[in-house]
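Each number in our numbering comes from the position in the sequence shown (counting from 1) with 22 added on.
Even for Gly, the Cβ is constructed at its ideal location relative to N, Cα and C.
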Amino acid sequence: MTKVLMVCLGNICRSPLAEGILLSKINADEIFVDSAGTGAYHIGKLPDERSIEVARKHGIDIRNQRARKFTVKDFDTFDYIYAMDETNYQNILMQARTNDDKSKVQLILNETHSTKNLAVPDPYYGGNQGFENVYIMFEEACKVIANKLSK
């Protein structure tokens, strides 16, 4: 089974949304998807209400997710680790033990913009439109990821 991890800072806005979107596009019997945060700010909490709402608006339920912190063990568990931005990417790489660990990590938007190293903006301090904009970015990237993993 292929395993994919989505990682942002607090694991309540971006990565839960990315997890839910990818789950809606794959066969869960063949691909496992999870999310985590590089910070321990929200461990055990639900995704942000705005992430829950934008997901629900698009027919995706992420209310069963709970925030957790990224750990070194995630390198052993996951085949692909998608960071939402450069800071989280670097925080993940700092925990890598080997080049194999490092090779699993990439910026999620590199799936759709391979040479640009674009960040998914953190919508936490923005309004509802920020969450919708992030959803649109993930929709496109997760479509590419799902197609790649389904081959």
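Rounded to whole angstroms, the separation of the alpha carbons of Gln112 and Asn139 is 12 Å. Taken through DSSP and simplified to helix, strand or coil, Tyr102 comes out as strand. The C-alpha of Ile103 lies about 7 Å from the C-alpha of Val29. Contiguous beta strand (DSSP E) elements confined to the stretch 59-120 occur at 102-105, taking only those with 3 or more residues.
Less than 8 Å divides the Cβ of Ile167 from the Cβ of Glu133. As the crow flies, the alpha-carbon of Asp123 is around 6 Å from that of Phe97.
Per the coordinates, the alpha-carbon of Ile74 lies some 8 Å from the alpha-carbon of Leu39.
As a beta-bridge residue in DSSP terms, Ser57 pairs with Met28. When secondary structure is reduced to three states using DSSP, Leu140 falls in the coil class, being assigned neither helix nor strand. When rounded, the separation of the alpha-carbon atoms in Ile114 and Asp101 is 14 Å.
Within the same chain, Cβ atoms closer than 8 Å to the Cβ of Lys67 are found at Ile34, Arg88, Ala89, the five residues on either side in sequence being excluded.
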